[in-house]
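Everything on this sheet refers to the single structure shown next.
Number of protein chains: 2
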Amino acid sequence: MDKPFKNERLTYKLNIVAQQAITANDAIFFQETGCHIRDLRVLRLIDDTPGTTFAEIAKITGFERSLTSRILQNLIGSRLITRENSTEDARVFLLFTTGKGKEVRQVARRLSDRLEVILTDPLSSQELRALNEILERLGNWVTSEDYSQALDREVNKASG
Amino acid sequence: MDKPFKNERLTYKLNIVAQQAITANDAIFFQETGCHIRDLRVLRLIDDTPGTTFAEIAKITGFERSLTSRILQNLIGSRLITRENSTEDARVFLLFTTGKGKEVRQVARRLSDRLEVILTDPLSSQELRALNEILERLGNWVTSEDYSQALDREVNKASG
DNA sequence: TCATTTAGTTGCAATTTGAGATTATCTGGT
DNA sequence: ACCAGATAATCTCAAATTGCAACTAAATGA
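These protein sequences, in sequence, are chains L and S. Oh and the first sequence: position 151 is 260 in our numbering, straight run, nothing missing. Oh and the second sequence: position 35 is 144 in our numbering, straight run, nothing missing.
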C-alpha cells in the first residue's frame with residue numbers, strides 16, 4: 110500500500126514518471142527495433158529532412174559532436190541511414206534514411222503510439238490534454254533564457 | 110522562435126522538463142548545500158526517521174546497495190549524519206542526522222520551495238494543482254505491477 | 001601558396017555504476 | 001558448544017558512457 114510518493118516535490122514526481130516511462134520504453138524500443146530512443150530520434154530527424162547534415166543533427170539535438178558522430182556511425186552500421194558526400198563541400202556529408210530505416214521508423218512510430226496509450230491509461234482524455242498543454246508550457250519555460258535568469262537571481266539573492 | 114518541441118511525445122516532453130529542472134536544481138543544491146539532490150533525499154529520509162538503517166534506505170530509495178553505501182559514506186564524511194551500532198545486531202547500524210545535517214536539511218527544504226515556485230511560474234494555481242494530481246496518478250501507475258504487465262502484454266502481442 | 005578556419009572523427013581519460021567477492025555477525029540445528 | 005548457512009554492509013573491479021582535446025581532411029582567403 111506504499112505510495113511511491115506522498116508530499117513530494119514536483120521535480121521529484123516528474124523525475125519518477127519520466128524515468129520510469131523512459132527506461133521501460135527504451136528497453137522495449139531496443140527489443141523491437143534494435144535502436145535506443147536517442148538513435149530513433151536521430152533517425153526520425155533524418156527521415157523528416159533528407160539530406161540533412163552532421164552539424165544540423167548536432168545542433169538540433171544538442172548532443173556533443175563526438176556523441177552525434179557515434180550515433181550516426183551506429184545508424185550507418187545498422188544500415189538504417191546512408192551518407193553521401195556533398196558535391197559542394199567535400200568535408201560535409203548528407204544523410205538519408207534507407208528503406209530499412211524508413212521501416213524501422215514506422216515500427217517505432219506505431220510502437221510509440223501504443224506505449225503512450227499505455228502510459229496515459231489512468232488519465233481521462235481531458236486530463237491528457239491538460240497534461241500535454243501544461244508540459245508544453247513548462248518545456249518552453251525551463252528551456253528559456255528567462256528561466257535561467259530567474260534561477261540566477263534566486264541564487265544571488267540567497268548568497269548575497 | 111524555435112519551440113523546444115512541437116508534436117512530440119509525452120515521454121519526450123516529460124523528459125525535457127524533468128531533465129532541465131533537475132539538472133538546474135541539482136547544480137544549485139550542490140552550490141548552496143554541498144550535497145546533490147540524491148544525497149539530500151537520503152538525508153531527509155534519515156532526518157524523518159531517526160535510527161533508520163542502511164537496508165531501509167536502500168529499500169525505500171531503490172538504490173543499489175553499493176550506491177547506498179557510498180552515499181552514506183559521503184554524508185558521514187560531511188558530518189551530516191552519524192552511525193551508531195545497533196545494540197541488538199552488531200551487523201546493523203542506525204543512522205541519525207547531526208545538528209549540521211538538520212540545518213542543511215532546512216536550507217535544502219527552503220531552497221526547494223523557492224525553486225519550485227520558479228519552476229511553476231508559468232502555471233496558474235489551478236493548473237499546478239491539476240499537474241500535481243495527474244503526476245501523482247501517473248507516478249503510481251508507472252511504478253505499479255499492472256503497468257509492467259500492460260507493457261509485457263503489448264510486447265508479446267507485437268512479437269507473437 | 002601558406003595560414004586559418006571549419007567539418008567531422010578518434011583516442012583517451014574521468015566518472016559512474018553494478019555485480020560479485022569479502023568480512024563480520026547472527027541464527028538454528030545438532 | 002560448534003558448525004553451516006543466512007544476512008548486513010563494504011569493497012573491488014570491470015564495463016559503459018561521455019566529454020574534451022587532439023587529429024585529419026578540406027575549404028577559404030590573403
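Even glycine gets a Cβ: it sits at the ideal position worked out from N, Cα and C.
Exercise. According to a CB-to-CB cut-off of less than 8 Å, which residues of the segment 241 to 264 of chain L neighbour chain S?
Worked result: Asn241, Ile243, Leu244, Glu245, Arg246, Leu247, Gly248, Asn249, Trp250, Val251, Thr252, Tyr256, Ser257, Ala259, Leu260, Glu263, Val264
For this session: List the residues of chain S that Ile166/L touches, going by C-beta distances under 9 Å, in chain order.
Result: Numbered from its first residue, the first sequence carries residue 166/L at position 57. None at all; the shortest Cβ gap to chain S is about 15 Å.
Problem set entry | Distance CB(Phe172/S)-CB(Ile190/S) smaller than 8 Å | Taking the first residue of the second sequence as 1, we reach residue 172/S at position 63. Taking the first residue of the second sequence as 1, we reach residue 190/S at position 81. No, they are not a contact pair.
Exercise. So what does DSSP say about Glu193/S, is it helix, strand or coil?
Worked result: Position 84 of the second sequence, counted from the start, is the residue given in the question as residue 193/S. Glu193/S: strand per DSSP, three-state reduction.
Exercise. How would you call Leu176/S, buried or exposed, if buried means at least 16 neighbouring beta carbons within 10 angstroms?
Worked result: The residue you call residue 176/S lines up with position 67 of the second sequence. Counting Cβ neighbours within 10 Å, Leu176/S comes out exposed, since fewer than 16 surround it.
Exercise. Apart from the five residues on each side of it in sequence, which residues of its chain come closer than 7 Å, Cβ to Cβ, to His209/L?
Worked result: Residue numbering aside, residue 209/L sits at position 100 when the first sequence is read from its first letter. The sequence given here places Lys at residue 209/L; His does not occur at that position. Cβ within range, chain order: Arg188, Leu189.
Exercise. Counting Cβ pairs closer than 8 Å, one from the segment 223 to 238 of chain S and one from the segment 118 to 127 of chain L, do we hit at least three?
Worked result: yes
For this session: Tell me whether Ala167/S is buried or exposed, calling it buried when 16 or more other Cβ atoms sit within 10 Å of its Cβ.
Result: For this step, residue 167/S is matched to residue 58 along the second sequence. Counting Cβ neighbours within 10 Å, Ala167/S comes out buried, since at least 16 surround it.
For this session: Can you have a look at Ser195/S and say buried or exposed, based on whether 16 or more other CB atoms are within 10 angstroms of its CB?
Result: The residue you call residue 195/S lines up with position 86 of the second sequence. Its Cβ having fewer than 16 others within 10 Å, Ser195/S is exposed.
Problem set entry | Cross-chain neighbours of Glu236/S in chain L, by beta carbon under 9 Å | Here the question's residue 236/S lines up with position 127 in the second sequence. Simply Ala239, Glu242, Ile243, Arg246.
Exercise. Whose C-alpha, out of Ile227/S, Val201/S, Leu232/S, is nearest the C-alpha of Gly160/S?
Worked result: Residue numbering aside, residue 160/S sits at position 51 when the second sequence is read from its first letter. Checking every option, the nearest Cα to that of Gly160/S belongs to Val201/S.
Exercise. Under 8 Å between C-beta atoms, does Asn223/L make it to chain S?
Worked result: Taking the first sequence and counting its residues from 1, the one referred to as residue 223/L is at position 114. The sequence shown places Arg at residue 223/L, not Asn. So yes, Arg223/L belongs to the interface.
For this session: Could you pull the start and end residues of the alpha helix (DSSP H) that Thr132/L belongs to?
Result: The residue you call residue 132/L lines up with position 23 of the first sequence. 119 to 142 is the span of the alpha helix (DSSP H), which, as asked, contains Thr132/L.
Problem set entry | Per-residue DSSP class, three states only, for Asp111/S | Position 2 of the second sequence, counted from the start, is the residue given in the question as residue 111/S. Confidence at Asp111/S is low in this model, with a pLDDT of 48, below 50, so the placement of that residue should be treated as unreliable; the coordinate-derived value is given next. Looking at Asp111/S - three-state DSSP - the assignment turns out to be coil, as it is neither helix nor strand.
Exercise. Can you check whether the CB of Glu141/L is closer than 8 Å to the CB of Arg264/L?
Worked result: The count along the first sequence starts at 1 and reaches residue 264/L at position 155. The count along the first sequence starts at 1 and reaches residue 141/L at position 32. The residue you asked about is not Arg; residue 264/L is Val in the sequence shown. No; because the gap between Cβ atoms is not below 8 Å, this pair is not in contact.
Exercise. On the three-state DSSP scale, how would you describe Thr161/S?
Worked result: Within the second sequence, numbered from 1, the residue matching residue 161/S stands at position 52. Three-state DSSP puts Thr161/S in a strand.
Exercise. Taking buried to mean at least 16 other C-beta atoms within 10 Å of its own C-beta, is Ser221/L buried or exposed?
Worked result: Within the first sequence, residue 221/L is the residue found at index 112, counting from 1. Under this definition Ser221/L is a buried residue.
Problem set entry | Cβ-based burial, Arg336/S [other Cβ within 10 Å; buried from 16] | This structure gives no information on residue 336/S, because the portion of chain S shown stretches from 110 to 269.
Problem set entry | Three-state class that DSSP yields for Leu228/S in the structure shown | Taking the first residue of the second sequence as 1, we reach residue 228/S at position 119. Leu228/S falls in the helix class under three-state DSSP.
For this session: Quick one: residues in its chain with C-beta nearer than 8 Å to the C-beta of Asp135/L, no 5 flanking neighbours on either side, listed in chain order?
Result: To locate residue 135/L, count along the first sequence from 1; it is residue 26. Once the five neighbours on either side are set aside, the close Cβ partners of Asp135/L are His145, Ile146.
For this session: Using a Cβ-Cβ cut-off of 8 Å, state whether Ile190/L counts as contacting chain S.
Result: Along the first sequence, read from residue 1 onward, the residue named residue 190/L stands at position 81. So, not an interface residue.
Problem set entry | Within chain L, the residues that Ala133/S reaches when beta carbons sit closer than 9 Å | As a first step, residue 133/S is located in the second sequence; it is residue number 24 there, counting from the start. Result: Val251, Tyr256, Ser257, Leu260.
For this session: Would you kindly work out how many angstroms separate the C-alpha atoms of Asp230/S and Ala133/S, rounded to a whole number?
Result: The residue you call residue 230/S lines up with position 121 of the second sequence. The residue you call residue 133/S lines up with position 24 of the second sequence. Asp230/S and Ala133/S: Cα-Cα distance of roughly 15 Å.
Problem set entry | Local Cβ density within 10 Å of Asp157/L, reported as buried at 16 or more and exposed below that | By 1-based counting over the first sequence, the position of residue 157/L is 48. By the 10 Å Cβ count, Asp157/L comes out exposed.
For this session: Report, in whole angstroms, the separation of the C-beta atoms of Asn124/L and Ala127/S, which I expect to be a contact under 8 Å.
Result: Here residue 124/L corresponds to residue number 15 of the first sequence, with the count starting at 1. Here residue 127/S corresponds to residue number 18 of the second sequence, with the count starting at 1. Yes, they are in contact, since the Cβ atoms of Asn124/L and Ala127/S sit about 5 Å apart, within 8 Å.
For this session: Confirm, please, whether the CB-CB distance from Arg219/L to Leu152/L is below 8 Å.
Result: Along the first sequence, one-based indexing puts residue 152/L at 43. Along the first sequence, one-based indexing puts residue 219/L at 110. No. Outside cutoff.
Exercise. What first and last residue would you give for the beta strand (DSSP E) that runs through Thr206/S?
Worked result: As a first step, residue 206/S must be located in the second sequence, where it is residue number 97. Unbroken beta strand (DSSP E) run through Thr206/S: 202 to 206.
Problem set entry | Residue closest to Gln129/L, alpha-carbon to alpha-carbon, out of Asn249/S, Thr207/S, Lys266/S | In the first sequence, counting from the first residue as 1, residue 129/L sits at position 20. For Gln129/L, the nearest C-alpha among the options comes from Asn249/S.
Exercise. Near Thr207/L, which residues of its chain fall below 8 Å by C-beta distance, leaving aside the five closest residues on each side in sequence?
Worked result: Stepping through the first sequence from its first residue, residue 207/L is reached at position 98. Excluding residues within five positions, the ones whose Cβ falls inside 8 Å are Arg188, Leu189, Ile190, Thr191.
For this session: Leaving aside the five residues before and after Ile169/L along the sequence, list all residues of the same chain whose C-beta is less than 7 Å from its C-beta, in chain order.
Result: One-based indexing of the first sequence puts residue 169/L at position 60. Result list for Ile169/L: Leu154, in chain order.
Exercise. Counting contacts by CB-CB distance shorter than 8 Å, is Thr142/L in contact with chain S?
Worked result: For this step, residue 142/L is matched to residue 33 along the first sequence. It does not; no Cβ of chain S falls within 8 Å.
Exercise. Anyone know if the C-beta pair for Leu228/L and Thr162/L falls short of 8 Å?
Worked result: To locate residue 228/L, count along the first sequence from 1; it is residue 119. To locate residue 162/L, count along the first sequence from 1; it is residue 53. Their beta carbons are not under 8 Å apart, which means Leu228/L does not touch Thr162/L by this criterion.
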